[in-house]
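Enquirer: Dumping the structure here so I can ask a few things about it.
2 protein chains.
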Amino acid sequence: LVSVLSSAIIVYRLPWTWKCSKLLMKFIHAGLNTIAMILAIVSMVAVFEYHNARNIPNMYSLHSWIGLTAVIFYSLQLFLGFAVFLLPFAPVPLRAALLPIHVYSGLTIFATVIATALMGITEKLIFSLKSPAYSASPPEATFVNCLGLLLVIFGALILWMASRPHWKRPPEKNAKVLQPTGETPEGTEAESTMTDGTNANKSDKRINSEAARKQNLKLDEAAQRSTM
Amino acid sequence: LVSVLSSAIIVYRLPWTWKCSKLLMKFIHAGLNTIAMILAIVSMVAVFEYHNARNIPNMYSLHSWIGLTAVIFYSLQLFLGFAVFLLPFAPVPLRAALLPIHVYSGLTIFATVIATALMGITEKLIFSLKSPAYSASPPEATFVNCLGLLLVIFGALILWMASRPHWKRPPEKNAKVLQPTGETPEGTEAESTMTDGTNANKSDKRINSEAARKQNLKLDEAAQRSTM
Numbered sequence: 001l002v003s004v005l006s007s008a009i010i011v012y013r014l015p016w017t018w019k020c021s022k023l024l025m026k027f028i029h030a031g032l033n034t035i036a037m038i039l040a041i042v043s044m045v046a047v048f049e050y051h052n053a054r055n056i057p058n059m060y061s062l063h064s065w066i067g068l069t070a071v072i073f074y075s076l077q078l079f080l081g082f083a084v085f086l087l088p089f090a091p092v093p094l095r096a097a098l099l100p101i102h103v104y105s106g107l108t109i110f111a112t113v114i115a116t117a118l119m120g121i122t123e124k125l126i127f128s129l130k131s132p133a134y135s136a137s138p139p140e141a142t143f144v145n146c147l148g149l150l151l152v153i154f155g156a157l158i159l160w161m162a163s164r165p166h167w168k169r170p171p172e173k174n175a176k177v178l179q180p181t182g183e184t185p186e187g188t189e190a191e192s193t194m195t196d197g198t199n200a201n202k203s204d205k206r207i208n209s210e211a212a213r214k215q216n217l218k219l220d221e222a223a224q225r226s227t228m
Numbered sequence: 001l002v003s004v005l006s007s008a009i010i011v012y013r014l015p016w017t018w019k020c021s022k023l024l025m026k027f028i029h030a031g032l033n034t035i036a037m038i039l040a041i042v043s044m045v046a047v048f049e050y051h052n053a054r055n056i057p058n059m060y061s062l063h064s065w066i067g068l069t070a071v072i073f074y075s076l077q078l079f080l081g082f083a084v085f086l087l088p089f090a091p092v093p094l095r096a097a098l099l100p101i102h103v104y105s106g107l108t109i110f111a112t113v114i115a116t117a118l119m120g121i122t123e124k125l126i127f128s129l130k131s132p133a134y135s136a137s138p139p140e141a142t143f144v145n146c147l148g149l150l151l152v153i154f155g156a157l158i159l160w161m162a163s164r165p166h167w168k169r170p171p172e173k174n175a176k177v178l179q180p181t182g183e184t185p186e187g188t189e190a191e192s193t194m195t196d197g198t199n200a201n202k203s204d205k206r207i208n209s210e211a212a213r214k215q216n217l218k219l220d221e222a223a224q225r226s227t228m
């Protein structure tokens, strides 16, 4: 689940994918997230059936509360992402306004899922290791602790990749005026594809008018941290 | 601890503090982080003494492993931040290069501390609630679960505030050429205080030369997400 989620997050950050069309990238992103959602639902059903079969109460732990909250927000995120960014009906200003929220909530849900996994590991180690107990540090405890630590390192790496501006997908070549995705790379406002239609070239482009510049600034602020 | 850490993170994001000098802000940021570090050390000493007094093994749980990792990275972060950003010896390019790493690792340590707290809460509830057990959902369990959920919401809000570009501290007025902090607000490359010395005005400033622009782009990329 975490690995599929991670793939969905960094799919825009892999230089070899920058050659693919933006629509293909969106489909890969949406597809990976749909797979992750299916895995989340399957695992939740498995937990409830396991609890019911062994007469363990459901939804009593902090792990379950935060996990369920994350899944609810994740399904909301998936639905909104599909409706706004994949279907062709949403107007550009709406996309530009929702994109930073989409990116932020995606990364926050990812971090919350990792925290939930860490709580689940803690619970499982306490409940499963009885003789010797978890506190006696048997090899199994040490091994699973290492896995938990690796999970944190892995999550930190993914968040690093997702937040680096120079690993951002470059603007499309031959972009049309008002390209419908709100993509405006940070620090390259002069090259914004939102207001300037010609082939963007980092070092040679100049802003054409003050009006365009001001609009650029505003849209840049809205679409900041875009990964679309 | 979490609240002091949060204050240290968002101190640059509060509009009423934008009137303070940048040096004062840095001192407040460093001071709050020092207080948080002292609290972290005091609480760790308390845990070890409590464990030793009750013959509980130390450092066996995933909570302790990840917590100690976070504290080690936090002390490194504090030391590097002090040496590079507070002492006046570090050259501007070094500051500009380290700033995004400083911001990223600060926020990642903050998220890791929250995850550690959640694991600690889970452990404590399992160990302390015996009759009725945690799984029977006594009022205490529900109450502490709510606190855990609030902790996640609180952390998410802090990360939201810290990652919004328009809540970033605006550039200093009357900034000098090569201001020594690497501050270049996102999306306002034309107003960079790194290469352009006069009073910055968002809508009227233009870049003077291609060379300055290119240097701006480069520094912008390095100092991206600056909160200094």
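Chains A and B, in that order, give the protein sequences.
Number 203 in UniProt numbering belongs to position 203 of the first sequence; there are no gaps in the numbering.
Number 198 in UniProt numbering belongs to position 198 of the second sequence; there are no gaps in the numbering.
Every residue, glycine too, gets a C-beta built ideally from N, C-alpha and C.
(1) Among all the DSSP beta bridges, which residues are the ones paired with B/Asp130?
(2) Taking a contact to mean a Cβ-Cβ separation below 9 angstroms, would you say A/Phe85 touches A/Leu98 in this structure?
(3) List the residues of chain B that A/Leu99 touches, going by C-beta distances under 9 angstroms, in chain order.
(4) When the Cα atoms are used, what is the spatial distance from A/Val4 to B/Pro100?
(5) Can you find a C-beta in chain A that's less than 9 angstroms from the C-beta of B/Arg95?
(6) Kindly indicate if chain B contains any beta-carbon less than 9 angstroms away from that of A/Ala40.
(7) Using a beta-carbon distance below 9 angstroms, is A/Gly106 in contact with chain B?
(8) Tell me, to the nearest whole angstrom, how far the beta carbon of B/Thr116 is from that of B/Ile158; I am working on the premise that it is less than 8 angstroms.
(9) Along the chain, where does the alpha helix (DSSP H) containing A/Thr34 start, and where does it finish?
(10) Which residues in the same chain have their Cβ closer than 7 angstroms to the Cβ of B/Ile109, if we skip the five residues on either side of it in sequence?
(11) If we count the other Cβ atoms within 10 Å of its Cβ and call it buried at 16 or more, is A/Tyr134 buried or exposed?
(12) If you compare alpha carbons, which of B/Asn52, B/Pro15, B/Ile28, B/Gly81 is closest to B/Trp167?
(13) May I have the straight-line CA-CA distance separating A/Val152 from A/Ala111, to the nearest angstrom?
(14) With a 10 Å radius around its C-beta and 16 neighbouring C-beta atoms as the bar for buried, classify B/Lys130 as buried or exposed.
(15) Assuming B/His63 contacts B/Gly120 (C-beta within less than 8 angstroms), just tell me the rounded distance between them.
(16) For B/Gly126 versus A/Phe127, is the C-beta spacing smaller than 9 angstroms?
(17) Sorted by chain position, which residues of the same chain lie with C-beta nearer than 7 angstroms to B/Lys26's C-beta, five sequence neighbours on each side aside?
(18) Can you name the start and end residues of the alpha helix (DSSP H) that B/Met161 belongs to?
(19) Whole angstroms are fine: how far does the CA of B/Ala136 sit from the CA of A/Arg13?
(20) Run down chain A in chain order and give the residues with a C-beta less than 7 angstroms from the C-beta of B/Asn145.
(21) I need the straight-line Cα distance from A/Ile114 to A/Val2, nearest angstrom please.
(22) Could you check whether A/Phe82 and residue 229 of chain A sit closer than 9 angstroms to each other, using their CB atoms as the reference points?
(23) Using the Cβ count rule (16 or more neighbours within 10 Å means buried), how would you classify A/Asn58?
(24) What span of residues does the alpha helix (DSSP H) with A/Ser61 cover, start to end?
(25) Can you tell me whether B/Ala46 is buried or exposed? The criterion is at least 16 other CB atoms within 10 Å of its CB, across all chains shown.
(26) Between the alpha carbons of B/Ile9 and A/Pro165, how many angstroms are there, rounded?
(27) Within 9 angstroms of any Cβ in chain B, is that where the Cβ of A/Trp160 sits?
(28) Is the beta carbon of B/Ile28 closer than 9 angstroms to that of B/Val11?
(29) In terms of residues, what are the limits of the alpha helix (DSSP H) holding A/Ala90?
(30) Against chain A, does B/Tyr50 count as a neighbour if the rule is that its beta carbon must be under 9 angstroms from one of theirs?
(31) Report buried or exposed for A/Ser21, applying the criterion of at least 16 other Cβ atoms within 10 angstroms of its Cβ.
(32) Is B/Pro170 close to chain A, meaning its C-beta is less than 9 angstroms from at least one C-beta of that chain?
(33) Where does the unbroken alpha helix (DSSP H) through A/Leu5 begin, and where does it stop?
(34) Can you look up A/Trp18 in the DSSP assignment and give me helix, strand or coil?
Expert: In brief:
(1) For the purposes of this step, residue 130 of chain B is identified with residue 130 of the second sequence, where counting begins at 1. The question names Asp, but residue 130 of chain B in the sequence shown is Lys. DSSP output for B/Lys130 lists B/Ala133 as bridge partner(s).
(2) Translated into positions along the first sequence, residue 85 of chain A becomes position 85. Translated into positions along the first sequence, residue 98 of chain A becomes position 98. Taking 9 angstroms as the Cβ cut-off, A/Phe85 and A/Leu98 qualify as a contacting pair.
(3) To locate residue 99 of chain A, count along the first sequence from 1; it is residue 99. Near A/Leu99 there are no residues of chain B at all, since even the closest Cβ is about 13 angstroms away, more than 9 angstroms.
(4) Stepping through the first sequence from its first residue, residue 4 of chain A is reached at position 4. Stepping through the second sequence from its first residue, residue 100 of chain B is reached at position 100. Approximately 27 angstroms, taken between the alpha carbons.
(5) Sequence index remark: in the second sequence, residue 95 of chain B carries index 95 (1-based). With 9 angstroms as the cut-off, B/Arg95 does not count as an interface residue toward chain A.
(6) The count along the first sequence starts at 1 and reaches residue 40 of chain A at position 40. So no, A/Ala40 is outside the interface.
(7) Locating residue 106 of chain A in the first sequence gives position 106, where the first residue counts as 1. Closer than 9 angstroms: no.
(8) In the second sequence, residue 116 of chain B corresponds to position 116, counting from 1. In the second sequence, residue 158 of chain B corresponds to position 158, counting from 1. So it is not a contact: roughly 16 angstroms between Cβ atoms.
(9) The residue labelled residue 34 of chain A in the question sits at position 34 within the first sequence. Note, A/Thr34: alpha helix (DSSP H), 22-53.
(10) Locating residue 109 of chain B in the second sequence gives position 109, counting from the first residue. Result list for B/Ile109: Ala70, Phe73, Tyr74, Gln77, in chain order.
(11) Here the question's residue 134 of chain A lines up with position 134 in the first sequence. Buried is the call here.
(12) Position 167 of the second sequence, counted from the start, is the residue given in the question as residue 167 of chain B. That would be B/Pro15, whose Cα lies nearest to the Cα of B/Trp167.
(13) Counting from 1 along the first sequence, the entry for residue 152 of chain A is found at position 152. Counting from 1 along the first sequence, the entry for residue 111 of chain A is found at position 111. So the alpha carbons of these two residues sit roughly 9 angstroms apart.
(14) If you number the second sequence from 1, residue 130 of chain B lands on position 130. By the neighbour-count rule (16 or more Cβ atoms within 10 Å), B/Lys130 is not buried but exposed.
(15) Taking the first residue of the second sequence as 1, we reach residue 63 of chain B at position 63. Taking the first residue of the second sequence as 1, we reach residue 120 of chain B at position 120. About 5 angstroms; that satisfies the 8 angstroms criterion.
(16) For the purposes of this step, residue 126 of chain B is taken as residue 126 along the second sequence, with counting starting at 1. For the purposes of this step, residue 127 of chain A is taken as residue 127 along the first sequence, with counting starting at 1. In the sequence on display, residue 126 of chain B carries Ile and not Gly. The answer is yes: Cβ separation under 9 angstroms.
(17) In the second sequence, the residue the question calls residue 26 of chain B occupies position 26. Cβ within range, chain order: Phe85, Leu86.
(18) Numbered from 1 along the second sequence, position 161 holds the residue referred to as residue 161 of chain B. Element bounds for B/Met161: 139-163.
(19) Residue 13 of chain A sits at position 13 when you count from the first residue of the first sequence. Residue 136 of chain B sits at position 136 when you count from the first residue of the second sequence. One C-alpha to the other measures close to 45 angstroms.
(20) Locating residue 145 of chain B in the second sequence gives position 145, where the first residue counts as 1. Leu62, Trp65, listed in chain order.
(21) As a working note, residue 114 of chain A is residue 114 in the first sequence. As a working note, residue 2 of chain A is residue 2 in the first sequence. When rounded, the distance between both Cα atoms is 7 angstroms.
(22) Only positions 1 to 228 of chain A appear in the structure, and residue 229 of chain A is not among them; the question remains open.
(23) Stepping through the first sequence from its first residue, residue 58 of chain A is reached at position 58. So A/Asn58 ends up on the exposed side.
(24) Locating residue 61 of chain A in the first sequence gives position 61, counting from the first residue. Where A/Ser61 is concerned, there is no enclosing alpha helix (DSSP H), given that its DSSP letter is neither H nor E.
(25) Position 46 of the second sequence, counted from the first residue, corresponds to residue 46 of chain B. So B/Ala46 ends up on the exposed side.
(26) If you number the second sequence from 1, residue 9 of chain B lands on position 9. If you number the first sequence from 1, residue 165 of chain A lands on position 165. Approximately 21 angstroms, taken between the alpha carbons.
(27) Stepping through the first sequence from its first residue, residue 160 of chain A is reached at position 160. Answer yes: the Cβ-Cβ gap between A/Trp160 and chain B drops below 9 angstroms somewhere.
(28) As a first step, residue 11 of chain B must be located in the second sequence, where it is residue number 11. As a first step, residue 28 of chain B must be located in the second sequence, where it is residue number 28. Taking 9 angstroms as the Cβ cut-off, B/Val11 and B/Ile28 qualify as a contacting pair.
(29) For the purposes of this step, residue 90 of chain A is taken as residue 90 along the first sequence, with counting starting at 1. A/Ala90 -> no alpha helix (DSSP H), and no H or E assigned at all.
(30) For the purposes of this step, residue 50 of chain B is identified with residue 50 of the second sequence, where counting begins at 1. Closer than 9 angstroms: no.
(31) Start at 1 with the first residue of the first sequence, and residue 21 of chain A comes out as number 21. When all chains shown are included, A/Ser21 counts as exposed.
(32) Position 170 of the second sequence, counting from 1, holds the residue named residue 170 of chain B. No, its Cβ sits nowhere closer than 9 angstroms to a Cβ of chain A.
(33) Stepping through the first sequence from its first residue, residue 5 of chain A is reached at position 5. Where A/Leu5 is concerned, the enclosing alpha helix (DSSP H) stretches over 2-10.
(34) Locating residue 18 of chain A in the first sequence gives position 18, counting from the first residue. Coil.
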